[in-house]
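Each residue of the first sequence is one higher than the one before, starting from 64 at the first, in the working numbering. Every residue gets a Cβ at the ideal spot worked out from N, C-alpha and C, and that includes glycine. Here the structure is a predicted model, which means the values were calculated and not measured.
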Amino acid sequence: MPELAEVEYYRKRWNPAFGQRILAVHTHPAAKVFRGSPVRAWAAALRGQTLLGSEAAAKQMLFRFSGQHWLGLHLGMSGSLSRQNPEYRPGRHDHLVLATERDLLVFTDPRMFGRVRHWQGPEAPAEWRALPPPLLSEQFTPEALVTYFARRRASPVKALLLDQGRFPGVGNWMADEILWRAGLHPRRKGGDLSREEIGRLHAECRWVAREALATIGETMEDPPASWLFPHRWADGGTCPRSGVKLERATIGGRTTCWSPALQPITPKMTRSRGPKGS
DNA sequence: TCCTATGTTGTATG
DNA sequence: ACATACAACATAGG
64 MPELAEVEYY RKRWNPAFGQ RILAVHTHPA AKVFRGSPVR AWAAALRGQT
114 LLGSEAAAKQ MLFRFSGQHW LGLHLGMSGS LSRQNPEYRP GRHDHLVLAT
164 ERDLLVFTDP RMFGRVRHWQ GPEAPAEWRA LPPPLLSEQF TPEALVTYFA
214 RRRASPVKAL LLDQGRFPGV GNWMADEILW RAGLHPRRKG GDLSREEIGR
264 LHAECRWVAR EALATIGETM EDPPASWLFP HRWADGGTCP RSGVKLERAT
314 IGGRTTCWSP ALQPITPKMT RSRGPKGS
């Protein structure tokens, strides 16, 4: 499930526990989500510490505790966070549970493509500080994308949008939504996008990120029917702007959905290209 | 039974 | 070395 806005939504599930002490830590140390991390040791060290705050970037979350402890969480394909009553009995997919006086803070992940990491130190771990600038930051510029698309000129733009080093937080549904809004066929190659098309792509990245954070990121509600989102998995789904039947194929290794009416494989001829014959 | 799934990574291939 | 393609991971649901 989780992309940019879903990650932000789940991160906030633990907010009510800020300032609370961790009284107990329950784990499945053998669970794949720990990837060989010495769970027993850091789980013991975490006991008695206070949850101070958290942040999200790309599809990552970082939780900060007293004693210079940090927990890094990634939700993979099927992970989620929740807050449960003290009476809650963790199930087989609840790999990490932090108990405070009032709540159980639960990390659930059936498919275990997610990841839990622990660090101790005075500042956020190096991996965290190395994450690329967010889509909504000043550093995310069209110029940077022009350079990047020139280098990745042979790759379909759909595959490029999934690059976490360039489009942090964008996942499969966001990539399709962005391309649909920008009017770009997902198979277009990075190298044959015009400057103007890259500009549209950049603008839609920001628009989708902003709107998704304002809706999904707050309440997990599905975006409205005016988005591609609610139509893209429906059998026989139609484009909400043109009414044509949506197409589907595997592109960049992922199921991709697009509107053949709005996203032509060859760029539309524009008449504003300057004088004839130039 | 077989296919799909909002993700990442290691390996193979050009 | 460099970029791209693809299988693998583990589980649930249609």
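DSSP bridge partner residues for residue i (one or two, in chain order)
i: lysine 416; result: For the chain, the structure presents residues 64 to 341; residue 416 sits outside this window and is missing.
i: isoleucine 314; result: Arg317
i: leucine 168; result: Arg146 and Leu161
i: glutamate 118; result: Leu125
i: histidine 132; result: Phe128 and Gln183
i: alanine 87; result: Ala162
i: arginine 178; result: His137
i: threonine 282; result: According to DSSP, which records beta bridges pairwise, threonine 282 is partnered with nothing at all.
i: threonine 301; result: Lys308
i: lysine 221; result: None; lysine 221 has no bridge partner.
i: threonine 113; result: Arg84
Rounded distance between the beta-carbons of residue j and residue i, thought under 8 Å
i: threonine 163; j: glutamine 83; result: 4 Å
i: leucine 136; j: alanine 80; result: About 14 Å separates the two Cβ atoms, so there is no contact after all.
i: leucine 144; j: tryptophan 243; result: The Cβ separation is near 29 Å, so there is no contact.
i: glutamate 267; j: isoleucine 241; result: 5 Å
Whole-angstrom distance between residue j and residue i, CA atom to CA atom
i: leucine 138; j: lysine 95; result: 13 Å
i: alanine 93; j: glycine 315; result: 33 Å
i: glycine 99; j: threonine 329; result: 48 Å
i: valine 233; j: glutamate 69; result: 11 Å
i: histidine 91; j: histidine 158; result: 5 Å
i: glycine 340; j: proline 287; result: Note that glycine 340 scores a pLDDT of 31, beneath 50, so its modelled location is shaky and nothing firm can be said.
i: arginine 273; j: glutamate 310; result: 26 Å
i: glutamate 7; j: lysine 308; result: Residue 7 lies beyond the range of the chain shown here (64 to 341); nothing can be said about it.
i: alanine 87; j: proline 101; result: 17 Å
i: methionine 175; j: arginine 214; result: 34 Å
i: serine 289; j: histidine 89; result: 43 Å
i: proline 338; j: leucine 198; result: Model confidence at proline 338 stands at a pLDDT of 39, short of 50, so the residue's coordinates are unreliable and nothing is read from them.
i: tyrosine 151; j: valine 160; result: 11 Å
i: proline 327; j: arginine 295; result: 17 Å
i: arginine 336; j: glutamate 281; result: Low confidence applies here, because arginine 336 scores a pLDDT of 41, under 50, leaving its location unreliable; read the following figure in that light. Cα to Cα, the separation comes out at about 43 Å.
i: glycine 306; j: threonine 319; result: 18 Å
i: threonine 210; j: isoleucine 85; result: 47 Å
i: arginine 317; j: alanine 275; result: 21 Å
i: glycine 300; j: leucine 264; result: 23 Å
i: alanine 104; j: tryptophan 182; result: 12 Å
i: glutamate 201; j: threonine 278; result: 22 Å
i: glycine 262; j: phenylalanine 212; result: 12 Å
i: proline 231; j: aspartate 285; result: 21 Å
i: arginine 334; j: cysteine 302; result: At arginine 334, the pLDDT of 44 sits below 50, so the modelled position is not reliable; the number obtained from the coordinates is stated separately. Using only the alpha carbons, I get a separation of about 26 Å.
i: proline 323; j: alanine 107; result: 56 Å
i: arginine 251; j: proline 293; result: 24 Å
i: arginine 146; j: glutamate 259; result: 45 Å
i: histidine 156; j: arginine 304; result: 40 Å
Best match in the options for proximity to residue i [C-alpha to C-alpha]
i: leucine 109; options: Pro92, Lys122, Phe128 and Ala119; result: Phe128
i: leucine 208; options: Val271, Ser257 and Asn78; result: Ser257
i: valine 179; options: Arg251, Trp133, Ala213 and Leu309; result: Trp133
i: leucine 224; options: Tyr151, Ala238 and Arg215; result: Ala238
i: glycine 246; options: Leu291, Thr204 and Glu281; result: Leu291
i: tryptophan 270; options: Ser322, Lys221, Gly154 and Phe203; result: Phe203
i: arginine 74; options: Gly299, Ser289 and Met283; result: Met283
i: asparagine 148; options: Leu161, Arg165, Gly142 and Asp285; result: Arg165
i: methionine 140; options: Leu125, Gln183, Phe126 and Pro173; result: Pro173
i: threonine 313; options: Pro219, Phe176, Leu161 and Ala104; result: Pro219
i: proline 297; options: Pro205, His181, Gly116 and Trp321; result: It is worth fixing the name first, because residue 297 is alanine in this sequence and not proline. Taking only the C-alpha atoms, the option nearest alanine 297 is Trp321.
i: phenylalanine 97; options: Arg146, Ile85, Glu201 and Phe170; result: Phe170
i: arginine 192; options: Leu125, Ala277 and Ala275; result: Leu125
i: serine 117; options: Gly300, Ala187 and Pro231; result: Ala187
i: glutamine 123; options: Arg251, Arg304, Glu66 and Cys302; result: Glu66
Beta-carbon gap between residue i and residue j smaller than 7 Å
i: glutamate 71; j: alanine 119; result: yes
i: glutamine 227; j: proline 185; result: no
i: glycine 253; j: arginine 216; result: yes
i: proline 249; j: lysine 221; result: yes
i: glutamine 168; j: tryptophan 77; result: The sequence shown places leucine at residue 168, not glutamine. A contact, by the Cβ cut-off of 7 Å.
i: glycine 142; j: glycine 177; result: yes
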